[in-house]
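A short write-up of the structure that comes next.
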Amino acid sequence: MIEQALTIIDHQDDFLVIDKPHGLSFHDEGNIGCGFFSQIKTQLKSQYGLTELYPVHRLDKMTSGLILVAKNSATARTFQQQFQQHQIQKYYLAIAEGKPKKKQGIIKGDMEKSRRGMWKLLRTMDNPAVSQFFSYTLAPKQRLYLIKPHSGKTHQIRVALNSIGVPILGDALYNNAVNADRGYLHAFALSFSLNKQQYQYCLAPSNGSVFNTPSTLDVINKLTPPWQQPWPTL
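Taken in order, the sequence shown gives residues 94 to 327; the numbers are from my numbering.
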């Protein structure tokens, strides 16, 4: 049973781009309810008669925004290879309170499991998580972060911002200091090539009181497409 209608951003012959709501797990959670992938399979079977869908990447439960789903196994393999080789460019928005150790740059280091399902960033560089970011003032002690991950580690962005002293607003795992109406992490944009065609998607967050304040909307609306930002070469 579909618990909520999911918004399809684009429907191509080989893939779909979907807006995942915040607070929805990718997989089913037992008696709690159907996860994102089960819901979209049910919805697409009802709407279009699609019976085969293939996940190629995931978003955390707290994270909203753009997610790719392949419609055949060949495309799924292509996307999975592109993700592994970091050929698909991903960009995220996050909001955090406090003064970061730096306002832009690169956060890099190995990650290892910590306590209570958390991860932590290490100083070693054997197989590091790499994230680039810019940040923008929203209000006193509150900033918007535009992040480009260059690796695909579990909780990577959440751990990266926590490591510079600004855990994401509403992140119950890494930031229990402030109550919020959601976890303020959003998959903002995707850029990739498939079958010799370039695809680029950008979607501002639609939910969350802080994402929708005038000051935040003003900053987001002034951002150039994230793939056109002056990202330094690693």
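Using N, Cα and C, we set each Cβ at its ideal position, and we do this for glycine too.
- Straight across, the Cα-Cα distance linking L214 with S256 is about 7 Å.
- In this structure, DSSP gives L254 a helical state, which the three-state scheme calls helix.
- Using a 10 angstroms sphere on the CB of R251, the tally of other CB atoms reaches 16 or more, which defines it as buried.
- If you look at T230, you'll find it in the beta strand (DSSP E) that goes A222 to A232.
- DSSP lists Q225 as the bridge partner or partners of I199.
- With respect to the 9 Å criterion, M155 and L231 are not classified as neighbours on the basis of their beta carbons.
- The DSSP-derived three-state label of I111 is strand.
- As a beta-bridge residue in DSSP terms, Q235 pairs with E190 and A232.
- S207: not part of any alpha helix (DSSP H); DSSP gives it neither H nor E.
- A direct Cα-to-Cα measurement between G301 and D107 gives close to 32 Å.
- Nearest Cα to I133 within the set G123, E145 and I181: E145.
- Per DSSP, reduced to three states, the secondary structure at V312 is helical.
- Ranked by how close their Cα comes to the Cα of P233, the residues K192, E205 and N269 have K192 in first place.
- Just so you know, the alpha carbons of L316 and R209 end up roughly 36 Å apart.
- Annotated three-state conformation of I181 is coil, per DSSP.
- The DSSP-derived three-state label of S286 is strand.
- According to DSSP, P148 shares a beta bridge with V162.
- The alpha-carbon separation between K164 and G128 amounts to approximately 18 Å.
- Per DSSP, the continuous beta strand (DSSP E) segment holding L214 begins and ends at W212 to L214.
- Comparing C-alpha distances from S139 to each of V110, W320 and A98 shows the shortest one belongs to A98.
- Per the DSSP secondary-structure output, I101 pairs in a beta bridge with I111.
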